[in-house]
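In the numbering used here, the protein residues as written are 855 to 1003.
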């Protein structure tokens, strides 16, 4: 599995203007709903926040990878948002966030397996400062995929 195989350009927004974490998560969840990845925003967001309560998803370097297994997921997807300004978020380095990679995975056994695969795949790529720099500079969805190539 490669990032380019999982990223759907329909759910990548490189021009987000969220002011808060809640705004960002709601914007990305709306994209997931509109594209048929989830069945309901409120329940999905509640599951994401349940996971957030277990530990911060801001991995540092202006990147957050919110995730959580949810019964409201119809098919696995990754919504990616690049916010124009840094927004407050609980992070490992104390900085805010500009790049948000929101995973939508089901809460069944297959979902759990794919959840770990996706986290591992993106975490490896996001450990590279050049990848992160290119991601945060992305002007269009295709640039996001290119950043991970």
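Glycine included, C-beta positions come from ideal geometry on N, C-alpha and C. The structure presented is a predicted model; accordingly, all values stated were derived computationally and were not measured.
With 16 other Cβ atoms within 10 Å as the buried cut-off, status of residue i
| i | result |
| --- | --- |
| residue 947 | exposed |
| residue 974 | exposed |
| residue 962 | exposed |
| residue 970 | exposed |
| residue 876 | exposed |
| residue 885 | buried |
| residue 935 | buried |
Short CB-CB distance (under 8 Å) between residue i and chain B
| i | result |
| --- | --- |
| residue 953 | Chain labels in this structure do not include chain B; a single protein chain is all it has. |
Helix, strand or coil at residue i [DSSP, three-state]
| i | result |
| --- | --- |
| residue 952 | strand |
| residue 939 | strand |
| residue 971 | helix |
| residue 869 | strand |
| residue 932 | strand |
| residue 1001 | helix |
| residue 923 | strand |
| residue 918 | strand |
Beta-bridge pairing of residue i - partner residues as DSSP gives them
| i | result |
| --- | --- |
| residue 981 | BP columns for residue 981 are empty, so no partner. |
| residue 945 | 912 |
| residue 904 | None, per the DSSP bridge assignment. |
Nearest-angstrom beta carbon gap, residue j and residue i [assumed within contact, 8 Å]
| i | j | result |
| --- | --- | --- |
| residue 882 | residue 954 | 6 Å |
Exercise. Assess, as a yes-or-no matter, whether the region 856-866 is touched by the region 893-907 under the definition of 3 or more beta carbon pairs within less than 8 Å.
Key: no
Practice problem: Decide if the region 938-945 is in contact with the region 973-987; the criterion is three or more beta carbon pairs, one per stretch, under 8 Å apart. | Solution: no
Quiz item: So does the region 916-935 actually touch the region 948-964, counting three or more Cβ pairs closer than 8 Å?
Solution: yes
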